[in-house]
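Under the working numbering, the first residue of the sequence shown carries the number 7, and numbering increases by one thereafter.
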Amino acid sequence: MTRRETGFSMWLLALLVFVLFLALYLATLSNNYSSDAMAFVTMATEGPAGSSIFVQAEHLFYPAVPWLWYKTWGLLGYSDGALRPLQALNSVAGATGVTLFSLSLSLMLRDKPARPLLSVLGALTLGASYSYWFHSTEAEDQIISISFVIASLLVVVMSKSRPNLRGGAALVVTASLAALFHATAVLTLPALLVGLQGWRRRIGFLVGVGLILLVSYLAVGAAALGFRSAADFWQWASSAPAKGVWGRVRPDNLAEAARTLGTSVLYSGNFPNLVGTPQDSPISPLVTVATIVGAITVVGYGVYRWRRTGWCFPVALAWLAAVTAFNLYWAPADIQFWIAAVAAIIMLSTMAWADLVESRRAWRSPLLGLAATAVAVVFAGNLFGAMSPRNDLSKNEGYATAVCLRDKTGASDLIVTPGWDWASSYLPYFAQREVVSLVDAYLMEARGSRERLDALLQKRQSEVRDRGGKFLAVRLFPMDETERAWFREAVGFDPASLGLEGKPIDECLGQPLWEIGP
Numbered sequence: 007m008t009r010r011e012t013g014f015s016m017w018l019l020a021l022l023v024f025v026l027f028l029a030l031y032l033a034t035l036s037n038n039y040s041s042d043a044m045a046f047v048t049m050a051t052e053g054p055a056g057s058s059i060f061v062q063a064e065h066l067f068y069p070a071v072p073w074l075w076y077k078t079w080g081l082l083g084y085s086d087g088a089l090r091p092l093q094a095l096n097s098v099a100g101a102t103g104v105t106l107f108s109l110s111l112s113l114m115l116r117d118k119p120a121r122p123l124l125s126v127l128g129a130l131t132l133g134a135s136y137s138y139w140f141h142s143t144e145a146e147d148q149i150i151s152i153s154f155v156i157a158s159l160l161v162v163v164m165s166k167s168r169p170n171l172r173g174g175a176a177l178v179v180t181a182s183l184a185a186l187f188h189a190t191a192v193l194t195l196p197a198l199l200v201g202l203q204g205w206r207r208r209i210g211f212l213v214g215v216g217l218i219l220l221v222s223y224l225a226v227g228a229a230a231l232g233f234r235s236a237a238d239f240w241q242w243a244s245s246a247p248a249k250g251v252w253g254r255v256r257p258d259n260l261a262e263a264a265r266t267l268g269t270s271v272l273y274s275g276n277f278p279n280l281v282g283t284p285q286d287s288p289i290s291p292l293v294t295v296a297t298i299v300g301a302i303t304v305v306g307y308g309v310y311r312w313r314r315t316g317w318c319f320p321v322a323l324a325w326l327a328a329v330t331a332f333n334l335y336w337a338p339a340d341i342q343f344w345i346a347a348v349a350a351i352i353m354l355s356t357m358a359w360a361d362l363v364e365s366r367r368a369w370r371s372p373l374l375g376l377a378a379t380a381v382a383v384v385f386a387g388n389l390f391g392a393m394s395p396r397n398d399l400s401k402n403e404g405y406a407t408a409v410c411l412r413d414k415t416g417a418s419d420l421i422v423t424p425g426w427d428w429a430s431s432y433l434p435y436f437a438q439r440e441v442v443s444l445v446d447a448y449l450m451e452a453r454g455s456r457e458r459l460d461a462l463l464q465k466r467q468s469e470v471r472d473r474g475g476k477f478l479a480v481r482l483f484p485m486d487e488t489e490r491a492w493f494r495e496a497v498g499f500d501p502a503s504l505g506l507e508g509k510p511i512d513e514c515l516g517q518p519l520w521e522i523g524p
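#1: Please report the distance separating the alpha-carbon of D419 from that of S443.
#2: Taking the straight line between their C-alpha atoms, what separation do you get for E64 and S365?
#3: Going by DSSP, what residues sit across from D512 in a beta bridge?
#4: Quick test of your reading: A347 and A322, contact by CB under 8 Å. State the CB separation rounded to the nearest angstrom.
#5: Using a Cβ-Cβ cutoff of less than 7 Å, which residues in the same chain neighbour V47 once the five nearest sequence positions on both sides are dropped?
#6: I156 and S110 look like a contact to me (Cβ under 8 Å); what is the Cβ gap, rounded to whole Å?
#7: Within 10 angstroms of the Cβ of G416, are there 16 or more other Cβ atoms? Answer buried if so, exposed if not.
#8: Residues bridged to V442 by DSSP?
#9: Please report the straight-line C-alpha distance between F233 and L326, rounded to a whole angstrom.
#10: Which of the three DSSP states is assigned to F46 in this structure?
#11: Using C-beta distances below 6 Å, list every residue in its chain close to P481, excluding the 5 sequence neighbours before and after it, in chain order.
#12: Taking the alpha-carbon positions, what's the P510 to P484 distance?
#13: Leaving out five residues on either side along the sequence, give the residues of the same chain with a beta carbon under 6 Å from the beta carbon of A43.
#14: Enumerate in chain order the residues of its own chain whose CB-to-CB distance from V61 is below 8 Å, with the five nearest sequence positions on each side excluded.
#15: When the Cα of L25 is compared with those of I352, F67, G375 and T102, which residue comes out closest?
#16: In chain order, what residues of the same chain lie with their CB nearer than 7 Å to the CB of L459, ignoring the 5 residues before and after it?
#17: I'd like the list of long-range same chain contacts for L159, defined as Cβ closer than 7 Å, with 5 residues on each side in sequence excluded.
#18: Leaving out the 5 sequence neighbours to the left and right, which residues in its chain are closer than 6 Å to L272 when beta-carbon positions are compared?
#19: Please tell me whether V192 and G214 are closer than 8 Å, where the distance is taken between their beta carbons.
#20: Express the C-alpha separation of W73 and E52 in angstroms, rounding to a whole number.
#21: Near V363, which residues of its chain fall below 8 Å by C-beta distance, leaving aside the five closest residues on each side in sequence?
#22: I'd like the list of long-range same chain contacts for L199, defined as Cβ closer than 6 Å, with 5 residues on each side in sequence excluded.
#23: Ignore the nearest five residues each way along the sequence and tell me which others in H141's own chain have a CB closer than 6 Å to its CB.
#24: Return the chain-ordered list of same chain residues with a C-beta closer than 6 Å to the C-beta of S36, the five sequence neighbours on each side being excluded.
#25: Between the alpha carbons of W79 and S85, how many angstroms are there, rounded?
#26: If you measure between the beta carbons of A328 and T190, is that distance less than 8 Å?
#27: What are the start and end residues of the beta strand (DSSP E) that includes V480?
#28: Quick one: give me the first and last residue of the alpha helix (DSSP H) that L220 is part of.
#29: On the premise that V255 lies in contact with Y335, defined as a C-beta separation below 8 Å, what is that separation, rounded to the nearest angstrom?
#30: What distance in whole Å lies between the Cβ atoms of V104 and G133, which are believed to be in contact at a cut-off of 8 Å?
#31: Since I believe T356 is in contact with G128 (beta carbons under 8 Å), could you give me their beta-carbon distance rounded to a whole number of angstroms?
#32: Do you know offhand how far A29's Cα is from A94's?
#33: Tell me whether the beta-carbon of A45 lies closer than 8 Å to the beta-carbon of S431.
#34: On a Cα-Cα basis, can you pick out the residue from A337, S235, L32 and R206 that is closest to T266?
#35: Who are the near neighbours of G268 in its chain, counting only those whose CB is closer than 6 Å to its CB and skipping five residues on each side?
#36: Which word fits F390, buried or exposed, when buried means at least 16 other C-beta atoms lie within 10 angstroms of its C-beta?
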């Protein structure tokens with residue numbers, strides 16, 4: 007087969023991968039929506055004028071771009087909320103990322119036997135992994151960024167043999183867009199630097215990305231938020247990370263990270279679970295051990311066969327090291343931050359497997375069969391254990407409760423919730439009720455000030471009374487000790503110190519509805 011024929015086959019196979027995964031993701035769109043996803047859906051539906059936290063530093067372009075995408079649907083006659091358009095956008099991004107990953111692996115394995123099969127198996131593993139599949143069917147903010155990260159990797163691989171200005175510009179743009187959709191994409195910059203040749207190209211790449219990010223943040227901060235001082239920008243950039251459940255150094259971080267990395271590949275929890283971290287599942291320890299042992303094995307094999315695995319191995323290793331180090335500190339139990347680590351592990355595994363197939367030709371069929379079996383297990387396990395149940399709206403208790411609360415409250419009422427749960431994100435969208443999420447109000451609107459938060463709550467309560475509505479609360483009363491501990495950890499004070507008191511006036515599916523105030 008000629009080089010041209012090989013290239014044509016590679017692109018044709020990539021197109022097939024895109025079509026298959028787009029169909030898969032659209033067929034398994036989540037109907038058990040995560041709280042983050044619904045928060046983004048509400049912001050995109052209401053637009054910048056309807057949300058005080060529409061522009062956030064950690065994902066500057068999300069939900070702004072999804073809002074424009076949703077408005078485009080409206081021009082085409084769509085008249086519902088932004089939920090399905092945002093899920094469809096992430097499905098397209100997810101399928102694109104898998105396709106680009108397949109192309110990257112194919113180019114990395116250019117001279118290896120079984121190149122087409124191994125590159126497709128690697129892409130299938132990424133696309134079928136729980137963390138990637140989950141975010142490709144939700145309305146959350148990670149998968150578009152991940153797709154641009156993978157696009158950056160493909161640019162590096164394609165320009166390795168023929169460096170040129172056009173390739174350098176493409177790399178700067180894709181890497182910058184990845185970081186603008188989610189700031190954690192900067193963790194992959196060291197890996198991209200490893201893949202570049204020459205200090206001039208590396209410095210030019212960093213300067214280009216730095217300038218685009220700097221201009222973007224300054225422009226949005228000044229034009230959209232009215233910032234005029236360095237202190238304003240710093241407060242904005244650090245408002246969410248300054249307090250909360252991120253960045254905790256604890257003895258159990260390593261165990262949480264291992265457990266979450268395992269379930270990021272193969273879901274091993276008990277459904278329903280909107281977050282995705284396994285909960286009291288008998289197979290969870292097995293999945294965790296298998297993932298960690300597998301990751302250590304492929305890294306060890308790559309180090310042992312360093313010269314044969316090629317320049318791509320250090321790129322994948324740098325990628326995995328940076329993401330893992332950050333996750334161990336920042337959010338060891340959150341699957342969204344482990345997607346990039348899963349991609350890096352699959353890169354390492356594919357390269358190690360290709361070298362093993364080449365050096366043990368007599369074992370070729372059993373080795374390829376074993377790889378295909380592992381991919382099938384990941385796909386079937388996630389399809390039947392997580393994604394198919396998530397597609398069943400009847401299993402979404404939060405949705406049913408929100409619909410019930412819609413019928414038991416009025417359009418003039420306001421509902422206070424602790425935040426970061428189904429109540430704070432489902433009620434604005436499915437019940438069309440005004441909601442105050444205490445965690446978001448404190449960290450974002452009040453910018454970490456108790457005085458501003460108290461003033462904000464008093465203002466909201468006065469506004470509700472003036473329009474004849476009720477000041478209500480869901481999930482705030484009663485809170486068990488675990489929920490109180492989480493709230494204290496998120497904002498730094500006990501919910502009881504807010505002085506909000508009330509009485510139960512109704513309930514929905516066992517969830518009490520309270521009225522606050524005299």
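Glycine included, C-beta positions come from ideal geometry on N, C-alpha and C.
Put simply:
#1: The straight-line gap from Cα to Cα measures roughly 15 Å.
#2: Our two residues, E64 and S365, have alpha carbons roughly 45 Å apart in a direct line.
#3: DSSP lists L519 as partners of D512.
#4: Wrong, their Cβ atoms sit about 11 Å apart, outside the cutoff.
#5: Result list for V47: G87, A88, L89, L92, A145 and Y435, in chain order.
#6: 7 Å between Cβ atoms; contact.
#7: When all chains shown are included, G416 counts as exposed.
#8: DSSP output for V442 lists V422 as bridge partner(s).
#9: So the two alpha carbons sit approximately 36 Å from each other.
#10: Helix.
#11: In the sequence on display, residue 481 carries Arg and not Pro. By the criterion of a C-beta distance shorter than 6 Å, R481 is surrounded in its chain by T423, P424 and A429, once the five residues flanking it on both sides are discounted.
#12: Roughly 10 Å separates the two Cα atoms.
#13: Here the set comprises E144, A145 and E146.
#14: Excluding residues within five positions, the ones whose Cβ falls inside 8 Å are P54, A70, V226, A230 and L231.
#15: The sequence given here places Val at residue 25; Leu does not occur at that position. Cα-wise, what sits closest to V25 is T102.
#16: Closer than 7 Å at the Cβ level, and outside the excluded window around L459, lie A447, Y448 and A452.
#17: Spatial neighbours of L159 in its own chain (CB-CB distance under 7 Å, excluding positions within 5 residues in sequence) are listed in chain order as S110.
#18: Listed in chain order, the non-local C-beta contacts of L272 below 6 Å within the same chain comprise V293, V384 and G387, local neighbours out to five positions each way being set aside.
#19: Going by C-beta atoms, V192 is not nearer than 8 Å to G214.
#20: So the alpha carbons of these two residues sit roughly 9 Å apart.
#21: Excluding positions up to five away in sequence, the list reads K118, P119, A120, L124, W369, R370, L373 and L374.
#22: If we look at L199 and ignore the five residues flanking it on each side, its Cβ neighbours are R208.
#23: The answer, listed in chain order, is Q148 and I149.
#24: Counting only Cβ-Cβ distances below 6 Å, and skipping sequence neighbours, we find T143, E144 and R396.
#25: In this structure, the straight-line span from the alpha carbon of W79 to that of S85 is close to 8 Å.
#26: When the beta-carbon positions are compared, A328 and T190 stay at least 8 Å from each other.
#27: Its beta strand (DSSP E) spans residues F477 to V480.
#28: That run of the alpha helix (DSSP H) goes W205 to A229.
#29: Taking a contact as a CB-CB distance under 8 Å, the pair Y335 and V255 counts as one, their CB atoms being some 7 Å apart.
#30: G133 to V104, Cβ: 4 Å. Contact.
#31: That pair is a contact at about 4 Å.
#32: Spanning the alpha carbons of A29 and A94 requires a straight line of approximately 11 Å.
#33: Yes, these two residues count as a Cβ contact at 8 Å.
#34: Minimum Cα distance to T266 is reached at A337.
#35: Cβ neighbours of G268 beyond the five flanking positions: V293, T294 and T297.
#36: Exposed: under 16 other Cβ atoms inside 10 Å.
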